[in-house]
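Colleague: Each residue of the sequence shown is one higher than the last, beginning at 30 in the working numbering.
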Amino acid sequence: MKKTLICIFAVFLGCSVNAQTQTIRAFSHRGGRLERDENTLQAFKESWDGGYTGFETDIRMTRDGVLYITHDNTLDRTTTGSGVFEEKSSEEIDRLRTKMGNPILRFDELCRFFDGKDSLYVEFEFKTKPVSSYPQERLEEYVEKVWQGVQSIKSKGSQFVFTSSDYRGLRYLQTHHPEADLLLIVNKPLCDETIALAKTVGIYSLGCRMEGTSRRDVENAHKAGITVSLWPGLTVEDFMLGAYLGSDRMCTDIPLTVKKWVEKNAPWLKVKY
Numbered sequence: 030m031k032k033t034l035i036c037i038f039a040v041f042l043g044c045s046v047n048a049q050t051q052t053i054r055a056f057s058h059r060g061g062r063l064e065r066d067e068n069t070l071q072a073f074k075e076s077w078d079g080g081y082t083g084f085e086t087d088i089r090m091t092r093d094g095v096l097y098i099t100h101d102n103t104l105d106r107t108t109t110g111s112g113v114f115e116e117k118s119s120e121e122i123d124r125l126r127t128k129m130g131n132p133i134l135r136f137d138e139l140c141r142f143f144d145g146k147d148s149l150y151v152e153f154e155f156k157t158k159p160v161s162s163y164p165q166e167r168l169e170e171y172v173e174k175v176w177q178g179v180q181s182i183k184s185k186g187s188q189f190v191f192t193s194s195d196y197r198g199l200r201y202l203q204t205h206h207p208e209a210d211l212l213l214i215v216n217k218p219l220c221d222e223t224i225a226l227a228k229t230v231g232i233y234s235l236g237c238r239m240e241g242t243s244r245r246d247v248e249n250a251h252k253a254g255i256t257v258s259l260w261p262g263l264t265v266e267d268f269m270l271g272a273y274l275g276s277d278r279m280c281t282d283i284p285l286t287v288k289k290w291v292e293k294n295a296p297w298l299k300v301k302y
């Protein structure tokens, strides 16, 4: 790691534009999934206690229409259960625990946790794939419930962003709640193609893969008025590379490690945690 970080520092210092002009909005991905029990209330609390006001989370809906905080469409990886999440009832989900023993977090519980906290940045990701689990009518019910839940959060100076790789949910918000702050996730690097896609669908925030993204791509996105968020954020090197590329926002799976490292080794870096 040390050698890689030295190389990134060298590129920073040798760059013709060697002063960082943007402030990076760092956010705790799933509450810090490589440091904590992902998407649990404990994970979000510990990120908050560690100085983070930026978060990302994932939302799915049970068979009976209750929203929960979970990433996968199956239960096997993270919980004591098995099978497809969307085929379970809320009663069944409430009986489960994570592999580390925590309850499966309900969406309304997370909203209550955020309520009253100011200056937040939260990405609420619509997990509506596979599409077969969310046909259009069910998708609209789901998105509307997420929207209303987020509106219940009382918070000053905060930014709540609705994100997805499934454009259908974002399109619903564009039509029914045009004031919504949206971000389109694309499983590709930032490039001419993804910039054109953002302009076509009218969503001027993109979440793209860091691999294959260049500083010139980020500059071109900024010229087009597009806010850039890069992922993954598995390591400190990932975070520093995102900073070098000029990313506006960076997720991190190791939020507390990144914050501690940057404050000690790169205090000149402008980061909003």
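Ideal Cβ placement from N, Cα and C applies to all residues, glycine included.
Starting from L139, trace the alpha helix (DSSP H) in both directions and tell me its first and last residue.
Modeller: Looking up residue 139 in the sequence shown gives position 110. Its alpha helix (DSSP H) spans residues F136 to F143.
Colleague: Could you give the DSSP three-state label for G271: helix, strand or coil?
Modeller: Residue 271 sits at position 242 when you count from the first residue of the sequence shown. Helix, per DSSP.
Colleague: For my contact list, Y150 and R54 are in at a C-beta cut-off of 8 Å; report their separation, rounded to the angstrom.
Modeller: Counting from 1 along the sequence shown, the entry for residue 150 is found at position 121. Counting from 1 along the sequence shown, the entry for residue 54 is found at position 25. That belief holds up - the Cβ atoms of Y150 and R54 are roughly 6 Å apart, short of 8 Å.
Colleague: Measure the alpha-carbon distance for K128 versus T103 and round it to whole angstroms.
Modeller: In the sequence shown, counting from the first residue as 1, residue 128 sits at position 99. In the sequence shown, counting from the first residue as 1, residue 103 sits at position 74. Distance between the alpha carbons of K128 and T103 is about 14 Å.
Colleague: Would you decide whether S161 is buried or exposed? Buried here means 16 or more other CB atoms lie within 10 Å of its CB.
Modeller: As a position in the sequence shown, residue 161 is number 132, starting the count at 1. Counting Cβ neighbours within 10 Å, S161 comes out exposed, since fewer than 16 surround it.
Colleague: Excluding the 5 residues flanking L134 on each side, which residues of the same chain have their C-beta closer than 7 Å to its C-beta?
Modeller: In the sequence shown, the residue the question calls residue 134 occupies position 105. Within the same chain, L134 has close Cβ partners N68, T69, L70, Y97 and I98.
Colleague: Taking the beta strand (DSSP E) that T50 falls in, what are its first and last residues?
Modeller: Counting from 1 along the sequence shown, the entry for residue 50 is found at position 21. Here T50 belongs to no beta strand (DSSP E), and DSSP marks it neither H nor E.
Colleague: To which residues of the same chain is D282 closer than 6 Å at the C-beta, ignoring the five residues directly before and after it?
Modeller: The residue given as residue 282 occupies position 253 in the sequence shown. Same-chain partners within the cutoff: H58, R62, L63, G262 and L263.
Colleague: For the 8 Å Cβ check, are there 3 or more pairs between the region 213-223 and the region 170-186?
Modeller: Short answer: they don't touch.
Colleague: Which runs of the beta strand (DSSP E) at least 3 residues long sit entirely within the region 80-160? Give them in chain order.
Modeller: Runs found: 83-90, 96-98 and 150-155.
Colleague: I'd like to know whether the C-beta atoms of Q188 and D221 end up nearer to each other than 8 Å.
Modeller: Taking the sequence shown and counting its residues from 1, the one referred to as residue 188 is at position 159. Taking the sequence shown and counting its residues from 1, the one referred to as residue 221 is at position 192. The answer is no: Cβ separation not under 8 Å.
Colleague: L199 to K156, Cα distance in whole Å?
Modeller: Against the sequence shown, residue 199 aligns to sequence position 170. Against the sequence shown, residue 156 aligns to sequence position 127. Answer to the nearest angstrom: the Cα atoms are 12 Å apart.
Colleague: Is the beta carbon of V247 sitting closer than 8 Å to the one on L274?
Modeller: Taking the sequence shown and counting its residues from 1, the one referred to as residue 247 is at position 218. Taking the sequence shown and counting its residues from 1, the one referred to as residue 274 is at position 245. Yes, these two residues count as a Cβ contact at 8 Å.
Colleague: Rounding to the nearest angstrom, what Cα-Cα distance links R126 and P132 in this structure?
Modeller: Position 97 of the sequence shown, counting from 1, holds the residue named residue 126. Position 103 of the sequence shown, counting from 1, holds the residue named residue 132. Spanning the two alpha carbons is a distance of roughly 5 Å.
Colleague: Measuring from the CB of L70, is there a heavy atom of the ligand NAD at a distance below 7 Å?
Modeller: You won't find the ligand NAD in this model; it holds no ligand whatsoever.
Colleague: Could you name each continuous alpha helix (DSSP H) segment of 4 residues or more that falls completely within the region 170-227, going from the start of the chain to the end?
Modeller: Listed in chain order, the complete alpha helix (DSSP H) runs (minimum 4 residues) inside the region 170-227 are 196-205.
Colleague: Just the C-alpha distance for N294 and T286, rounded to the nearest angstrom, thanks.
Modeller: On the sequence shown, position 265 is the one that residue 294 refers to. On the sequence shown, position 257 is the one that residue 286 refers to. Each residue's Cα considered, the two are about 12 Å apart.
Colleague: Considering just the uninterrupted stretch of the alpha helix (DSSP H) at W290, what are its terminal residues?
Modeller: Position 261 of the sequence shown, counting from 1, holds the residue named residue 290. Element bounds for W290: P284 to N294.
Colleague: Grab the span of the alpha helix (DSSP H) containing R238 for me, first residue to last.
Modeller: Within the sequence shown, residue 238 is the residue found at index 209, counting from 1. From DSSP, R238 is part of no alpha helix (DSSP H) but of the beta strand (DSSP E) over S234 to R238.
Colleague: Using only the alpha-carbon positions, how far apart do M279 and E85 sit?
Modeller: For the purposes of this step, residue 279 is taken as residue 250 along the sequence shown, with counting starting at 1. For the purposes of this step, residue 85 is taken as residue 56 along the sequence shown, with counting starting at 1. One C-alpha to the other measures close to 11 Å.
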